[in-house]
Amino acid sequence: MDLRKSENEGNFDPNQSGHIYQMALDIGGSLAKLVYFTDNEDCAIEGKDGISPEKAVAKSKGSKSCAVLRGKLNFKIFETSKIDDCLEFIKSMKLHLGGSQRQENPGSQTTAVKATGGGAYKYTDLFKERLGINLDKEDEMDCLVAGANFLLKVVHQEAYTYMDGQKQFMDVDHNDLYPYLLVNIGSGVSMIKVEGDGKFERVSGTSIGGGTFWGLGKLLTKCRSFDELLELSYRGNNRVIDMLVGDIYGGTDYSKIGLASTTIASSFGKAISDNKEIEDYKPEDIARSLLRMISNNIGQISYLNALRFGLKRIFFGGFFIRSHPFTMDTISVAVNFWSKGEAKAMFLRHEGFLGAVGAFMSSDQHELKKLLLNEVVQQAPSSVSCTVAGELHGEESIECRVYSA
Ligand code: ADP
135 MDLRKSENEG NFDPNQSGHI YQMALDIGGS LAKLVYFTDN EDCAIEGKDG ISPEKAVAKS
195 KGSKSCAVLR GKLNFKIFET SKIDDCLEFI KSMKLHLGGS QRQENPGSQT TAVKATGGGA
255 YKYTDLFKER LGINLDKEDE MDCLVAGANF LLKVVHQEAY TYMDGQKQFM DVDHNDLYPY
315 LLVNIGSGVS MIKVEGDGKF ERVSGTSIGG GTFWGLGKLL TKCRSFDELL ELSYRGNNRV
375 IDMLVGDIYG GTDYSKIGLA STTIASSFGK AISDNKEIED YKPEDIARSL LRMISNNIGQ
435 ISYLNALRFG LKRIFFGGFF IRSHPFTMDT ISVAVNFWSK GEAKAMFLRH EGFLGAVGAF
495 MSSDQHELKK LLLNEVVQQA PSSVSCTVAG ELHGEESIEC RVYSA
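Under our numbering, think of the first position of the sequence shown as 135, with each following residue one higher.
Following this line, the structure appears as structure tokens:
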């Protein structure tokens, strides 16, 4: 199949930077994630004769180094409660017209789009009625793991550690990736032991996750958006509400069992003795205590599960994290504290898009997928140039240049 054909079939939007060939959706409890590929208009296919990707793949097998496709994986998020915004975006970008997806099923009036998450079931009829899209459902855990494995193998410096305000990017050795614990902090939390491609087990989870932070935070602080709640937590001081070891021990450490005076003994514990009402506390202090409580708890449960299976590396994904320094610091400190420095918390740059990327990669007929997977991941990892453009806050992209050695 020639990916360039989509231009001739009227699917090219002049307002876009390139042609759209494929999209996938992950519609979760809080957020809907959309991933779509656009080629670079001017240099979609590098090489002589304007050859098709199929031919380019064939041709590249015999050549030393041939770039066969250049483009971008684009990422967008929408609140699931405003799923109409997602439908409108798809419509405005003409993503629903399908590009190569339609070509897989020529003559059909509907486009099959890979989709995962509960919303892929809940909104099946809506997508069909409004956009003529058939949501082709993929298992959520399969997609999470496939997305994480793909990103860790393909994207340069996808993973990083965060401690004491310092971000340190890690180059993960592809031959030494497994096993690891994947902790996805979405509305709820899933903990998955990953041992290879498609080889995994969901070993634990907790309902105290991103949805709890946002839900409880909204009730307690009256803030109107998740970003506002995060912003509040940035400015707050948890010591105002949390009961610290020092509060109990008269300002000193409990050094015999390794507890510093600043260690939280009881989250929100000070509120019981303060004789105050909720209005007497600053929303920013409440937000800070809440974020700390939830992040600490997740960090601790994650470590216990890593310990259970002898896993040294823990990768954290999901949109609860949002690259928020305080969230990452708290999780890292919890993992470091409980493991006595043995285990490491690592964060993924595409934190909340793992499932959507996995769904994108699950299309088993698509040439683009074959290019990305076979040419990039399996055959020539060392010759791949795939960088993330800037920090990702839901609307950025991965520049892809697919080579074959
Ligand atoms: P899910 O698939 O369950 O929706 P996500 O990985 O998308 O999971 O993460 C959802 C969580 O991300 C929310 O519970 C909330 O904590 C956090 N979050 C980050 N940004 C936003 C936002 N703009 N609106 C709502 N929640 C957000």
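No residue lacks a Cβ here, since even glycine has one placed at the ideal position from N, Cα and C.
Per DSSP, which one or two residues make a beta bridge with residue i?
{"i": "residue 552", "result": "Residue 552 is absent from the model: the chain starts at 135 and stops at 539."}
{"i": "residue 406", "result": "Answer by DSSP bridge pairing: none, since residue 406 is not bridged."}
{"i": "residue 268", "result": "246"}
{"i": "residue 339", "result": "324"}
{"i": "residue 213", "result": "165"}
{"i": "residue 428", "result": "Paired residue(s): none; residue 428 is not in a bridge."}
{"i": "residue 304", "result": "293"}
{"i": "residue 479", "result": "448"}
{"i": "residue 390", "result": "DSSP lists no partner for residue 390."}
{"i": "residue 160", "result": "167 and 250"}
{"i": "residue 398", "result": "378"}
{"i": "residue 352", "result": "DSSP output for residue 352 lists no bridge partner at all."}
{"i": "residue 334", "result": "328"}
Can you list, in chain order, the residues of its chain whose CB lies under 6 Å from that of residue i, leaving out five sequence neighbours each side?
{"i": "residue 147", "result": "Unreliable positioning characterises residue 147 in this predicted model, as indicated by a pLDDT of 33, which lies under 50. A coordinate reading is not provided."}
{"i": "residue 435", "result": "340"}
{"i": "residue 261", "result": "267 and 269"}
{"i": "residue 417", "result": "355 and 366"}
{"i": "residue 335", "result": "327"}
{"i": "residue 254", "result": "161, 269 and 271"}
{"i": "residue 440", "result": "315, 448 and 477"}
{"i": "residue 374", "result": "419"}
{"i": "residue 397", "result": "379"}
Can you give the beta carbon distance from residue i to residue j, rounded, assuming they're within the 8 Å contact cut?
{"i": "residue 372", "j": "residue 419", "result": "7 Å"}
{"i": "residue 285", "j": "residue 482", "result": "6 Å"}
{"i": "residue 480", "j": "residue 304", "result": "6 Å"}
{"i": "residue 283", "j": "residue 451", "result": "The Cβ separation is near 12 Å, so there is no contact."}
{"i": "residue 344", "j": "residue 453", "result": "7 Å"}
{"i": "residue 280", "j": "residue 496", "result": "7 Å"}
{"i": "residue 347", "j": "residue 424", "result": "6 Å"}
{"i": "residue 422", "j": "residue 370", "result": "3 Å"}
{"i": "residue 168", "j": "residue 210", "result": "4 Å"}
{"i": "residue 351", "j": "residue 357", "result": "7 Å"}
{"i": "residue 382", "j": "residue 405", "result": "Their Cβ separation, rounded to whole angstroms, is 15 Å, which puts residue 382 and residue 405 out of contact at 8 Å."}
{"i": "residue 472", "j": "residue 437", "result": "4 Å"}
{"i": "residue 277", "j": "residue 250", "result": "4 Å"}
What residues in its chain sit with their C-beta under 8 Å from that of residue i, if we drop five residues either side in the sequence?
{"i": "residue 297", "result": "463, 466, 467 and 470"}
{"i": "residue 443", "result": "313, 315, 327 and 337"}
{"i": "residue 342", "result": "323, 428, 431 and 432"}
{"i": "residue 387", "result": "379, 380, 393, 394 and 395"}
{"i": "residue 311", "result": "283, 286 and 287"}
{"i": "residue 476", "result": "446"}
{"i": "residue 189", "result": "With a pLDDT of only 43 at residue 189, under 50, the local geometry of the prediction cannot be trusted, and the value read off the model is given with reservation. Excluding positions up to five away in sequence, the list is empty."}
Under 7 Å Cβ to Cβ from residue i, same chain only, skipping five residues before and after it: list those, please.
{"i": "residue 455", "result": "319, 461, 462, 481 and 485"}
{"i": "residue 248", "result": "158, 270, 272, 493, 494, 496 and 497"}
{"i": "residue 265", "result": "221, 224, 225 and 230"}
{"i": "residue 368", "result": "460"}
{"i": "residue 527", "result": "Below a pLDDT of 50, predicted positions are generally treated as unreliable, and residue 527, at 40, falls in that range; no measurement from the model is reported."}
{"i": "residue 170", "result": "154, 156, 157, 208 and 229"}
{"i": "residue 302", "result": "294 and 295"}
{"i": "residue 219", "result": "212"}
{"i": "residue 362", "result": "none"}
{"i": "residue 331", "result": "283"}
{"i": "residue 403", "result": "376 and 377"}
{"i": "residue 491", "result": "169, 281, 284, 285 and 484"}
{"i": "residue 364", "result": "456 and 458"}
When every heavy atom of the ligand NAP is checked, does at least one fall within less than 8 Å of the C-beta of residue i?
{"i": "residue 316", "result": "This structure does not include the ligand NAP; its bound ligands are the ligand ADP."}
| field | At least 3 beta-carbon pairs within less than 8 Å: the region 424 to 433 vs the region 276 to 296 | value | no
Exercise for the section: Could you tell me whether the region 484 to 492 touches the region 377 to 395, using the rule of 3 or more Cβ pairs below 8 Å? Expected result: no
When you compare the region 157 to 176 with the region 214 to 226, are there three or more beta-carbon pairs, one atom per stretch, that lie closer than 8 Å? yes
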